[in-house]
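Asks: Residue numbers (the working numbering): 59 to 208.
Mind looking over this structure? Questions follow.
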Amino acid sequence: MPRKPDIFKIIQSDSWTATALGAFTFLLAITTFSLLTDQILMNNGLNSTPLVVATGVCFLVSIIVMCVRVNQIKEIFENGSELIATIVSCKVHKANMKLTLRYHYLGQVYEKNYDQVITMKTKHFIRENEAALVVDRQHPERFVLRDVYL
């Protein structure tokens with residue numbers, strides 16, 4: 059059984075969570091700017107009401123995405139099997155990489171694409187031939203890169 063990441067490590071490392079929280083932060087900044095502008099121009103915030111509502115909805119969606127992703131990743135680490143996959147290809151585009159991984163699980167071969175943000179912790183995959191995975195036992199097509207979350 060693989061080691062388990064803590065919640066803060068998952069939030070920090072997961073690209074879906076980062077995207078959701080980034081969208082909320084961006085919208086919050088725009089809403090704050092709009093409210094300040096309305097205050098300065100004496101508009102009483104009437105033009106900003108849709109932005110405030112959108113920011114609230116975005117906040118709720120971000121929290122839901124974060125909770126779902128944390129639960130999914132924790133579940134994979136708790137119930138998953140650790141194995142080594144072959145990196146078939148790695149395509150880099152700006153700050154992202156697309157890994158094509160091939161792994162064997164219970165006599166079946168899986169070849170899956172995995173999008174990952176390039177960070178100090180993940181850039182070694184660009185030149186590596188193998189990657190450690192944690193594969194969901196019930197759904198072997200679902201996996202996470204072990205080193206991203208530990």
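Every residue, glycine too, gets a C-beta built ideally from N, C-alpha and C.
(1) From the DSSP output, read off the bridge partner residues of His162.
(2) Report the residue from Met100, Gly138, Phe66 and Arg61 whose alpha carbon sits nearest the alpha carbon of Phe201.
(3) By Cβ distance below 8 Å, which residues in the same chain neighbour Leu164 in space, the five residues on each side in sequence not counted?
(4) Tell me where the beta strand (DSSP E) around Thr77 begins and ends.
(5) Under a Cβ-count criterion, where at least 16 other Cβ atoms within 10 Å of its own Cβ denotes burial, should Arg160 be classed as buried or exposed?
(6) Kindly indicate which three-state DSSP category Ile142 falls into: helix, strand or coil?
Replies: So, to answer that:
(1) Val167
(2) Gly138
(3) Pro198
(4) Counting along the chain, Thr77 falls outside any beta strand (DSSP E), though it belongs to the alpha helix (DSSP H) covering Ser73 to Ile98.
(5) exposed
(6) strand
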